[in-house]
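Report on one structure; see the data block that follows.
There are 2 protein chains.
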Amino acid sequence: MAMSREQIMSTAIQHLNENPLASMAQLAEAAGISRATLHRQFSSREELMLALGRRAHEQWEQVQERSGVVDATASGDPEVIGKALDAMLAGLIEVADAYGFGLTDYAMLVNPELKRRSDELEEREIAFYAAAQQAGVLRADLPARWISNTVYGLLVAVRESLRRGDVARRDVPRLLLTTYLHGAARREES
Amino acid sequence: MAMSREQIMSTAIQHLNENPLASMAQLAEAAGISRATLHRQFSSREELMLALGRRAHEQWEQVQERSGVVDATASGDPEVIGKALDAMLAGLIEVADAYGFGLTDYAMLVNPELKRRSDELEEREIAFYAAAQQAGVLRADLPARWISNTVYGLLVAVRESLRRGDVARRDVPRLLLTTYLHGAARREES
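The following block contains the structure:
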């Protein structure tokens, strides 16, 4: 039975997460199809990577929509913002887990179309973090762009922790939220 | 005047931090030398990357030695551990800033020699984090390997923040220490 474009993309992602440098020949082999079949769907590795990047961005945008970060930003309400933050981080964990290799794939990060899209999505989050700071949910003494970059860095840590088997998947949301919000220092008893 | 091996390596690192996919031809051009000259020093891109990786590991090890993490681990003393932690993080920022591309270069990360070395250095840090947890410096409810992976992720965030110009270099140690130890949530007044 012929593999759909979607199925080929899903297999490619899985394989790239294990080996980010996989060639088209290796990706075809992993999908159990011939190179000719793969090339009929994606004329080059760049085209495949662009399609994977677009899909990752769609899912990223869906996370933003589902967690309501734009409305929360406009609301300025600490409770609404807090809930959107938790929901967004949980959703980003799933996207980072699914598209792990893309977090640090340099060719993808500098592709002009993907870069523009990712900048747009990121600006929404930066505005959201700034609103969270204004509402007193996040501390005000860190630049909002730094906060955004640390979320990205922690998602890389999530990907590595799962890839190496350092933590159980079920523990990740708690670990990320705790570390991100409260840090690694022992908390003073209040 | 001929460029020394050291000088070639320094120029290559600078260029790779801007363009992690730079070819040998591009690296030769950036150093202002011919490809033939570059190839006399490094017979292949792999050999150059291996040399850069070894140098990064030497500097990483020096950070561990200067900050005294091994002695601090053995001491079990919260004050000694706290000082070693601050010193180690400050040193790691410098290494991450200098060797930024290497943090996520997949070919370097899977090279067997570099992998073995990096595992050794990382195990020292994991033992140190575990000692910091036992001494009450770091919270005990996070796996030590997760703590180690989040430091790595935050160093990726440092690299990205500096590369994009999101934060001033002088602010980085404070931002990293604050975020890592205390998190991004607004702290309750105590």
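Residue numbers (this note's numbering), protein chains in the order written: chain A, 1048 to 1237; chain B, 1048 to 1237. Glycine included, C-beta positions come from ideal geometry on N, C-alpha and C.
Give me the Cα-Cα distance between A:ALA1059 and A:ALA1103, rounded to the nearest whole angstrom.
13 angstroms
In this structure, does DSSP put A:LEU1068 in helix, strand or coil?
coil
B:ARG1052 classed as buried or exposed, judged by whether at least 16 other C-beta atoms fall within 10 angstroms:
exposed
CA nearest to the CA of B:ASN1158, picked from B:ASN1064, B:LEU1095, B:GLN1054, B:SER1070:
B:LEU1095
Beta bridge counterpart(s) of B:LEU1063 as assigned by DSSP:
According to DSSP, B:LEU1063 bridges with nothing at all.
Within 9 angstroms (strictly less), CB to CB, does B:GLY1149 reach chain A?
no
Using the rule of at least 16 other Cβ atoms within 10 Å of the residue's Cβ for burial, across every protein chain shown, is A:ASP1152 buried or exposed?
buried
What is the rounded straight-line gap between the Cα of B:GLU1236 and the Cα of B:LEU1224?
For B:GLU1236, the predicted model reports a pLDDT of 48, less than 50, meaning its position is unreliable; a value from the coordinates is still stated below. C-alpha separation (whole angstroms): 19 angstroms.
Answer with yes or no whether the minimum CB distance from A:GLY1230 to chain B is below 9 angstroms.
yes
By Cβ distance below 8 angstroms, which residues in the same chain neighbour A:ILE1128 in space, the five residues on each side in sequence not counted?
ALA1119, THR1120, SER1122, PHE1175, ALA1178, ALA1179, ALA1182, VAL1184
Through-space distance from A:LYS1162 to A:LEU1156, alpha-carbon basis
6 angstroms
Straight-line CA distance for B:GLN1111 to B:LYS1130?
12 angstroms
What residues of chain B sit near A:ASP1213, judged by a beta carbon separation below 7 angstroms?
PRO1190, ARG1192, TRP1193, ASN1196
Below 8 angstroms CB to CB, which residues in the same chain sit around A:ASP1213 once its five sequence neighbours on both sides are set aside?
GLU1207
Is it buried or exposed for A:ALA1083, if we count other Cβ within 10 angstroms and need 16 for buried?
exposed
Contacts of A:VAL1184 in chain B (Cβ-Cβ under 8 angstroms):
ALA1232, ARG1233
Would the beta-carbon of A:TYR1199 fall within 9 angstroms of that of B:ALA1231?
no
Residues near A:ARG1171 by beta carbon distance below 7 angstroms, same chain, minus five either side:
GLN1111, VAL1116, VAL1117
Cut-off 8 angstroms between Cβ atoms - residues of its own chain near A:GLU1169, not counting five sequence neighbours on either side
SER1195
Looking at the strands, I want to know which residues DSSP matches up with A:ALA1232.
B:LEU1185
Go to A:THR1197, then tell me how far its alpha helix (DSSP H) extends in each direction, as first and last residue.
1191–1211
Rounded to whole angstroms, what's the CA-CA distance from B:HIS1229 to A:HIS1229? Just pull it up for me.
5 angstroms
Enumerate in chain order the residues of its own chain whose CB-to-CB distance from A:ALA1098 is below 7 angstroms, with the five nearest sequence positions on each side excluded.
MET1056, PHE1089
Kindly list, in the order they appear in chain B, the residues whose Cβ is closer than 8 angstroms to that of A:GLU1207.
ASN1196, TYR1199, GLY1200
For the alpha helix (DSSP H) holding A:VAL1157, just list the boundary residues, first then last.
1153–1157
What is the rounded straight-line gap between the Cα of B:ALA1145 and the Cα of B:GLN1061?
8 angstroms
Within 9 angstroms (strictly less), CB to CB, does A:PRO1067 reach chain B?
yes
From A:ASP1133, A:GLY1100, A:GLU1105, A:MET1071, pick the residue whose C-alpha is nearest to that of A:ARG1092; which is it?
A:MET1071
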